[in-house]
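The structure appears right after this line, and notes come after that.
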Amino acid sequence: MNEDLENIRKISNRLATALGLLIVIIFVGALVAYWYDDIVTAPIAALFAGIIGGFVGLQRRLKSMSTDDLMLLAHSWVYVWISPVVGGVLAVVLYVLFISTLVSGDLFPMFVPDEVAPGLVESKGFSIIFDVHGEAVDYAKMMFWSFIAGFSERFVTDIISKFENIPDRQVK
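Be aware that the sequence shown starts at 4, since it is given in our numbering, and climbs by one per residue.
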């Protein structure tokens, strides 16, 4: 077997092992979320969908990688996890863009703030930004786009780069 194919086999085994571990973590997390309703689950779901997208995207790119890249991935668990972890982080960033409505439209989820009792806003702190809800279709869209964020890191970075071209607003 040539060296590239051997490296792809080794990397694929690492990806399968890491993905299996991730699925166990997701299953345990889903059970915990089912038992405790007050856990913020949508951003966590976005994170895991982005990580899984990162694994799938990495597996898809293996055959087009250079020999040096394959060697690096075959001999380092850290490099195997970098793409999926970055995908997860970008999926959470995309989720924040969705709840802020900086990215919106028919293809994207629309979340609305939860109704809160007067005076509760101050006691919740930063977590109040995750107190949003949507319809089932919105959560499905969020999961799809979170997977895409992990699968193609350029998707979210291209969205972010569009905000660089917005002129600075003068404070009066």
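All residues carry an ideal CB built from backbone N, CA and C; glycine is no exception.
Please name the residue or residues paired with residue i in a DSSP beta bridge.
| i | result |
| --- | --- |
| V95 | Answer by DSSP bridge pairing: none, since V95 is not bridged. |
| V135 | P116 |
Is the CB-CB distance between residue i and residue j below 9 angstroms?
| i | j | result |
| --- | --- | --- |
| W38 | A94 | no |
Residue i by DSSP, collapsed to three states: which one?
| i | result |
| --- | --- |
| V88 | helix |
| K13 | helix |
| V59 | helix |
| L100 | helix |
| D141 | helix |
| F150 | helix |
Any heavy atom of the ligand PLP closer than 8 angstroms to the Cβ of residue i?
| i | result |
| --- | --- |
| A49 | As far as ligands go, the structure on display features none, and thus does not contain the ligand PLP. |
Can you give me the C-alpha to C-alpha distance between residue i and residue j, rounded to a whole angstrom?
| i | j | result |
| --- | --- | --- |
| R63 | S86 | 12 angstroms |
| A45 | N5 | 44 angstroms |
| I102 | I162 | 15 angstroms |
| A48 | N10 | 31 angstroms |
| G56 | E118 | 33 angstroms |
| V1 | D7 | Because the chain spans 4 through 175 in this model, residue 1 falls outside it and cannot be assessed. |
At least one CB of chain C closer than 9 angstroms to the CB of residue i: is that the case?
| i | result |
| --- | --- |
| H136 | No chain C appears in this structure, which consists of one protein chain only. |
Any 3 or more C-beta pairs closer than 8 angstroms across the segment 107-114 and the segment 125-144: yes
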